[in-house]
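Report on the following structure.
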């Protein structure tokens with residue numbers, strides 16, 4: 002234990018990232034209070050509605066060379082996989098500029114991918130251990146995840162991405178048409194090739210997983226306060242409390258892990274982070290009429306297709322719009338359209354569909370903010386994981402806990418500093 006061990010740490014945010022952080026900090030010998038206004042893993046949370054994948058190969062940022070040419074199409078095509086609402090364009094313009102610049106050449110993309118891989122490398126094993134300790138090992142299924150293509154030429158067109166995965170040591174298998182039919186006989190004949198990440202897994206109920214992790218935190222002696230954090234209080238230059246709707250919550254240190262709600266708290270801690278919502282959608286079919294043995298992602302639909310405890314979940318789409326903008330449920334119809342292309346015999350009962358929309362907290366450069374804030378040595382960031390918060394949560398928590406304790410970090414923390422946005 003270090004000199005800082007045994008302090009009282011307030012973790013703001015009860016999503017998968019905040020819960021993993023709270024448990025890791027607690028394991029380091031600290032007293033932890035979780036501050037979260039709603040049910041951890043509830044429908045309000047991105048951790049509830051994600052694509053369920055635990056993909057060790059989730060290394061690529063969205064922004065790639067040549068993306069700038071597609072931006073006009075994102076504005077004009079309301080049915081594409083990446084949509085920007087016109088009315089919000091002025092507010093999003095600065096973020097979009099930085100987003101495009103972050104992927105302007107392959108050297109930048111490969112550097113980002115290598116950094117992201119550090120957060121994915123051991124995460125599946127870490128999730129399996131967490132689920133077992135929480136008493137819900139059945140919620141993690143280590144059955145791999147697979148990208149499916151119309152043919153091998155589509156796979157070869159992404160050769161640079163798969164080469165990076167191979168160089169980093171991410172195991173995957175090429176799956177020919179005959180083997181693809183054996184694995185998933187219901188898959189439409191138009192898909193003739195697959196690339197399976199053999200070490201991948203998925204969570205069959207992310208909401209239940211979050212609730213189980215909260216209960217583990219409480220069994221270990223942690224506390225949860227049902228309130229929204231609004232700011233910080235200091236005494237003699239040191240953090241003394243987190244301000245909340247329930248009044249001040251005394252603490253020695255605080256962690257901002259509030260997902261899309263982190264931006265204003267980070268600003269109060271001295272960091273202006275360009276954090277926006279990449280609004281994502283999912284639709285669940287309670288009884289699709291067949292099972293799928295592993296997570297699938299079609300090359301033409303770019304959505305996660307997963308057998309969950311509540312039915313077949315189709316999750317994806319990127320919509321850039323104001324947090325307060327109403328959902329555009331046409332996005333779920335697009336998901337259903339691709340699902341029909343994947344599985345011609347799919348049984349869809351419109352009256353039983355469960356549709357969801359949520360907010361992925363996204364930075365323009367594809368990396369989260371993890372580390373000490375600029376304004377106080379007692380406030381730490383752990384947010385901005387965008388599409389990959391589920392897979393990156395445990396390793397982000399290990400990095401955060403090491404930095405909070407002043408221990409040697411498991412890998413270079415500099416790329417994750419919020420100070421990069423100054």
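In this note's numbering, the protein residues as written are 2 to 423. All C-beta atoms, glycine included, are put in the ideal place defined by N, C-alpha and C.
- As computed with DSSP, residue 320 is found in a beta bridge with 84, 280.
- Around the beta carbon of residue 17, a 10 Å sphere encloses 16 or more other beta carbons of the protein chains shown; the residue is thus reported as buried.
- In this chain, the alpha helix (DSSP H) harbouring residue 113 covers 107-121.
- Under the DSSP assignment, residue 60 falls outside any alpha helix (DSSP H); it carries neither an H nor an E label.
- Annotation for residue 174: 196, 197, 199 place their beta carbon closer than 8 Å to its own, counting only its chain and skipping 5 residues before and after.
- Judged by their CB atoms, residue 51 and residue 207 are nearer to each other than the 8 Å cut-off.
- Taken through DSSP and simplified to helix, strand or coil, residue 301 comes out as coil.
- Comparing alpha-carbon positions, the option among 368, 239, 376, 419 lying closest to residue 112 turns out to be 368.
- Rounded to the nearest whole angstrom, the CA to CA distance from residue 260 to residue 23 is 14 Å.
- Nearest to residue 57 by alpha-carbon distance, out of 250, 225, 299, 117, is 117.
- Fewer than three pairs of CB atoms, one per stretch, sit closer than 8 Å, so the segment 78-90 makes no contact with the segment 374-384.
- Taking 8 Å as the cut-off, the beta carbon of residue 418 is found no closer than this to the beta carbon of residue 21.
- The criterion of a C-beta distance shorter than 8 Å is satisfied by residue 10 and residue 253.
- Minimum Cα-Cα distance from residue 346 among the listed residues 99, 187, 55 corresponds to 187.
- For residue 34, DSSP records a beta bridge to 11, 224.
- Rounded to whole angstroms, the Cβ separation of residue 59 and residue 359 is 18 Å, and the two are not in contact under 8 Å.
- Here DSSP, grouped into helix, strand and coil, assigns residue 286 to strand.
- Under the three-state reduction of DSSP, residue 100 is assigned to helix.
- Taking each of 212, 416, 330 in turn and checking the Cα distance to residue 366, the smallest one comes out for 416.
- Contact check for residue 230 against residue 392 fails: the beta carbons are separated by 8 Å or more.
- Around the CB of residue 156, 16 or more other CB atoms lie within 10 Å, so the residue is classed as buried.
- Residue environment analysis places residue 87 among the exposed positions, since fewer than 16 neighbouring C-beta atoms fall within 10 angstroms of its C-beta.
- Within the same chain, and ignoring the five residues on either side of residue 357 in sequence, the residues whose Cβ sits closer than 6 Å to its Cβ are 50, 283.
- Shown here, residue 376 sits in coil according to DSSP, grouped into three states, outside any helix or strand.
- Counting of Cβ neighbours within 10 angstroms places residue 239 among the exposed residues, the total staying below 16.
- Take the alpha-carbon of residue 184 and the one of residue 423: they are about 49 Å apart.
- In this structure, the straight-line span from the alpha carbon of residue 286 to that of residue 313 is close to 5 Å.
- A distance of 8 Å or more separates the beta carbons of residue 43 and residue 215.
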